[in-house]
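To start, the structure itself, in structure tokens.
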Amino acid sequence: MRARPAAVTYDAGTGVLLLDTPRTSYAAYVGRADDIPIHTYWGPPITAEDAAHLATSTAERLAAEWECFRSPANRHEEYPLDGGLQFGRAALSVEFPGSVRAVEWRLARHEITAEPGRQELTLWFEARHQELTVALHYRVHDDSDVIDRWVVVRNDSATEAVDVHRLDSAAWVTPEQPRHRMTHLTGRWAAETQLRRTDLADGHFVLESRRGITSHHANPWFAIDDGTATEESGRVYSATLHWSGSWRLLAQRELDEPAQVLFGWGHEGFGPRRLEPGEVLQTPVSSGLFSADGFGAMSHAWHEYALRHVLPNGGEQRPVLFNSWEATGFDVDEAGQLALARKAADLGCELFVLDDGWFGRRSDDRAGLGDWWVNTDRFPGGLKPLIDEVHALGMGFGLWIEPEMVNPDSDLYRAHPEWTYHHAGREPHTMRHQLVLNLARPDVAEWVFGELDALLSANDIQFVKWDMNRPFADTGWPERPDRQGRLWLDHVTGVYGVIDALRRKHPGVAFEACSGGGGRVDFGIMARTDQFWPSDNTDALDRRYIQHGFSHLYPVRTMSCWVTDVPAFINKRRVPLTYRFHVAMAGVLGIGGDLNAWTAEETEEARRLIAQYKEIRHIVQHGRLHRLGEPGRSASAVQYVTADLSESAVLVYQEAQQYDSAPAPIRLRGLAPEGRYRLTGGAVLSGALLMNHGITPRLTGDYASTLIRLELLA
Ligand code: DGJ
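Counting from 1, one number per residue, gives the positions in the sequence shown under full-length UniProt numbering.
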């Protein structure tokens with residue numbers, strides 16, 4: 001397929017809009033009579049002539065198909081509104097004075113802007129009967145097929161406020177086809193990013209988070225195909241949302257209609273968000289992608305987009321870290337952490353992270369959150385002696401925090417009980433013995449920034465693990481009923497504001513996004529952090545499934561993975577150390593075991609594998625990921641290939657051997673067919689053979705695994 005620079009065009013005469021990305025086109029038109037923007041095309045490249053033809057033929061077809069009881073636009077709208085003859089769910093629903101919600105719009109103007117590498121189109125609409133402006137934004141990139149969309153609304157009234165009940169970032173329309181199979185990520189705590197596939201029925205399919213965080217239970221992403229796409233072939237439409245709070249994805253279709261997916265912040269009924277006279281509100285971005293070559297190519301495009309356009313430092317290599325949580329739990333002190341740090345450094349770790357338990361009066365999860373002073377019973381000289389020693393050992397130092405939380409048993413809560421979300425006269429629900437701080441309050445957000453800024457200014461810290469261990473409940477601010485409807489949104493922008501300000505002031509500090517594992521994994525938080533903690537579940541077998549789902553959207557470079565002890569605290573499973581390593585080496589390797597309990601042989605093995613990981617990490621963290629099969633099915637593998645195709649690393653796993661069978665050959669992908677590759681062990685084989693016949697790993701027994709490296713010979 002040809003690759004070309006991105007371009008946006010809008011023909012004011014015909015109302016035809018065409019977005020070109022290197023390998024795709026996206027087209028729509030603004031209806032002549034009603035100014036309703038109608039989607040016409042998303043797929044491989046088409047011409048401006050094609051887009052004009054589609055506009056005329058779609059308008060004719062929709063008019064001809066007109067029938068009573070059905071919307072003339074029937075799910076083809078670029079952005080459905082409340083009212084008129086639009087009977088589906090609305091992407092924009094605003095309540096005006098007098099309880100009127102119906103909006104009819106008129107295109108006021110369009111604007112095209114270009115910056116090096118990207119172009120933007122904005123369509124400015126005005127409500128015909130109210131004082132409201134709505135801008136639909138589209139952005140395309142020269143180096144990606146991902147299309148970014150977002151919406152801005154402005155209340156143009158000088159006197160009257162309006163209530164925004166729904167303001168989605170985009171409506172994504174996928175073509176009419178016999179089947180609409182939706183692939184999505186479901187889960188729960190310790191079982192995040194589980195891949196699911198389901199056919200969309202006529203009606204609605206909703207995924208959402210009502211928890212104030214992105215959630216473990218659903219991840220803001222979907223992919224729709226016609227039921228035939230595979231890892232290597234087929235047309236796949238997918239989209240995500242750059243947002244870290246509650247959200248909703250609603251796929252709607254009725255008989256004979258395309259699927260239209262509304263995607264935006266705020267769960268159903270979260271608000272309303274009052275828009276004061278003159279106020280402007282901008283949604284987060286929703287990004288969409290068409291991929292002509294199956295789920296594998298879809299993931300490559302998402303990964304590359306994330307590394308280039310979302311992650312702050314996408315090009316950097318992440319260090320091998322040690323984290324104290326599974327080794328010591330809350331039982332942390334200077335001597336114990338120093339002992340672990342020495343062992344971690346000896347293994348080859350590059351970053352030592354002190355997890356929960358170092359602050360306030362924290363000895364378990366019942367006390368201390370909010371008191372971000374160092375517990376001097378545990379660290380008599382503060383953190384400095386430990387940090388200095390960690391640095392002397394050649395490692396960076398990282399610290400765990402949970403800034404959005406407070407335990408009722410804390411100095412902070414005793415001083416400021418009103419800083420938590422609560423409803424007047426009601427006992428708030430505590431989960432994990434903690435309450436959520438109201439970061440929608442500017443004074444609370446400022447206080448959080450001040451505490452963390454002081455911590456980072458007083459200590460030489462290179463890494464912060466930002467945790468968030470419970471969902472919202474009792475989400476009220478009784479003193480400010482006027483702000484009630486916007487808490488869910490303002491909390492997230494409050495968190496973003498604090499992290500952004502910290503990053504500006506402490507540019508040398510990297511952040512890990514964690515929320516009781518993978519409760520806050522999304523492109524919104526990715527834009528201001530450096531890696532994710534995808535799950536508290538470190539059982540290597542479960543982790544393979546979690547990583548498999550995760551990899552569909554999120555790049556390996558962001559996926560923190562620890563080797564921990566057996567039996568795993570989840571499932572109580574015992575699997576060999578090498579298998580544990582090979583699973584963790586598929587992402588950003590970390591160690592989370594109690595190194596004091598590791599035998600000399602285990603320590604030696606770990607040292608060897610960490611050294612090996614460092615040799616392949618540029619391939620793993622920055623190469624192209626190919627999923628070769630699925631976890632749990634005989635032998636399967638993950639393969640990584642550098643951009644120049646000169647190096648590849650393949651991690652092969654066999655979870656269970658049956659009938660004494662040896663694994664079937666595993667066909668590799670993405671190599672230079674005519675290239676000659678030297679494999680671990682010395683064999684030299686062509687890329688063609690490796691991709692068409694495959695490698696036959698010698699694996700015996702359960703939880704067997706191996707790493708195979710390939711190097712292109714000159
Ligand atoms: C949940 C995190 O996911 C864990 O890794 C650990 O940091 C605990 N919180 C600490 O309370």
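We put the beta carbon where it would ideally sit given N, CA and C, even for glycine. Predicted model, so just to flag it, every value in this text is computed and none were measured.
- Short note on Cys561: C-beta not closer than 7 Å to any heavy atom of the ligand DGJ.
- Arg543 sits close to Asn537, with the two beta carbons spaced by under 8 Å.
- When DSSP states are grouped into helix, strand and coil, Val390 belongs to the helix group.
- The beta carbon of Gly288 sits no closer than 7 Å to any heavy atom of the ligand DGJ.
- In the structure shown, the three-state DSSP call for Tyr659 is coil.
- At least one heavy atom of the ligand DGJ sits closer than 7 Å to the Cβ of Asn469.
- Beyond the five residues adjoining it in sequence on each side, Arg361 comes within less than 6 Å, by CB distance, of Ala367, Gly368 in the same chain, given in chain order.
- Where Asn692 is concerned, the enclosing alpha helix (DSSP H) starts and stops at 687 to 692.
- No Cβ-Cβ contact shorter than 8 Å links Leu262 with Ala135.
- At least one heavy atom of the ligand DGJ sits closer than 7 Å to the Cβ of Trp400.
- Assigned with DSSP and collapsed to three states, Val509 falls in coil, not helix or strand.
- Excluding its 5 nearest sequence neighbours in each direction, Gly187 has C-beta neighbours in its own chain below 7 Å: Thr193, Gln194, His216, His217, listed in chain order.
- Each of Val310, Leu123, Gln531, Pro312 was checked against the Cα of Val16, and the nearest Cα belongs to Leu123.
- In the structure shown, the three-state DSSP call for Ala501 is helix.
- Assigned with DSSP and collapsed to three states, Glu304 falls in helix.
- Relative to Thr14, the option among Ala3, Ala27, Thr21 whose CA is nearest is Ala27.
- Looking at the backbone, the Cα of Val464 and that of His548 are separated by about 26 Å.
- With a cut-off of 7 Å, the C-beta of Cys514 is classified as near the ligand DGJ, since at least one heavy atom of the ligand falls inside that distance.
- A distance criterion of 7 Å places the beta-carbon of Trp533 in contact range of the ligand DGJ, judged by its closest non-hydrogen atom.
- Between Pro385 and Leu351 a beta carbon distance of about 18 Å is seen, past the 8 Å cut, so the two are scored as non-contacting.
- Gly288 is not a Cβ neighbour of Trp265, given a cutoff of 8 Å.
- Per DSSP, Trp325 lies in no beta strand (DSSP E) segment; the continuous alpha helix (DSSP H) that holds it begins and ends at 325 to 328.
- The way I'd put it, the region 325 to 343 doesn't touch the region 608 to 619; fewer than three beta-carbon pairs between them come closer than 8 Å.
- With a cut-off of 8 Å on Cβ pairs, the region 363 to 383 is not in contact with the region 486 to 495, counting fewer than three such pairs.
- At least one heavy atom of the ligand DGJ falls within 7 Å of the beta-carbon of Asp356.
- If you look at Ser287, you'll find it in the beta strand (DSSP E) that goes 286 to 291.
- Taking the CA atoms as reference points, Gly629 sits about 15 Å from His693.
- Distances from the CB of Asp364 to the heavy atoms of the ligand DGJ are all 7 Å or more.
- Contact annotation: the region 552 to 568 touches the region 582 to 589, with at least three C-beta pairs closer than 8 Å.
- When distances are taken from the beta-carbon of Gly187 to the heavy atoms of the ligand DGJ, even the shortest one reaches 7 Å or more.
- Contact check for Gln177 against Asp145 fails: the beta carbons are separated by 8 Å or more.
- In the structure shown, Ser209 adopts extended strand secondary structure according to DSSP, grouped into three states.
- With three or more CB-CB distances shorter than 8 Å, the region 647 to 656 counts as touching the region 693 to 706.
- Comparing alpha-carbon positions, the option among Glu131, Glu316, Cys68 lying closest to Asp530 turns out to be Glu316.
- Ser551 sits close to Ser299, with the two beta carbons spaced by under 8 Å.
- DSSP places Gln86 in the coil class of the three-state scheme, outside both helix and strand.
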